[in-house]
Ligand SMILES: [Cu+2]
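Residue numbers (our numbering): 6 to 98.
In structure tokens, the structure reads:
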């Protein structure tokens with residue numbers, strides 16, 4: 006029983022790590038009206054996703070109007086139904 010609880014605890018901490026990882030990317034296109042962004046992102050090993058260019062929905066707490074194509078950024082995400090939502094984003098130097 007003790008071992009089982011430890012296992013559960015470690016599973017929770019694993020998913021917490023995945024949820025807060027930062028992924029580097031380059032902005033390709035910004036759609037402020039629809040609160041979406043197209044990012045050319047690096048591989049994301051935690052969800053076995055290779056590097057690619059793809060569209061994300063972005064939570065409204067992330068203001069998109071300060072981002073331009075060509076900006077280097079890092080972002081956090083959550084898995085939504087069949088897609089990924091950006092939950093945090095910041096520019097890299
Ligand atoms: Cu992708």
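Note that beta-carbon positions come from the ideal geometry of N, C-alpha and C, so glycine has one too.
- Item | Spatial distance of residue 30 from residue 46 (CA atoms) | Approximately 4 Å between the Cα atoms of the pair.
- residue 62 in three-state terms, based on DSSP: strand
- Whole-angstrom distance between residue 62 and residue 85, CA atom to CA atom: Cα-Cα distance, rounded: 9 Å.
- Roughly how many angstroms separate the alpha carbons of residue 49 and residue 89, rounded to a whole number? 12 Å
- Message: Using C-beta distances below 8 Å, list every residue in its chain close to residue 78, excluding the 5 sequence neighbours before and after it, in chain order.
- Response: 29, 30, 31, 32, 44, 72, 94, 95, 96 and 97
- Message: Please classify residue 52 as buried or exposed, where buried requires at least 16 other C-beta atoms within 10 Å of its C-beta.
- Response: exposed
- Boundaries of the beta strand (DSSP E) in which residue 90 is found, first to last residue: 88-96
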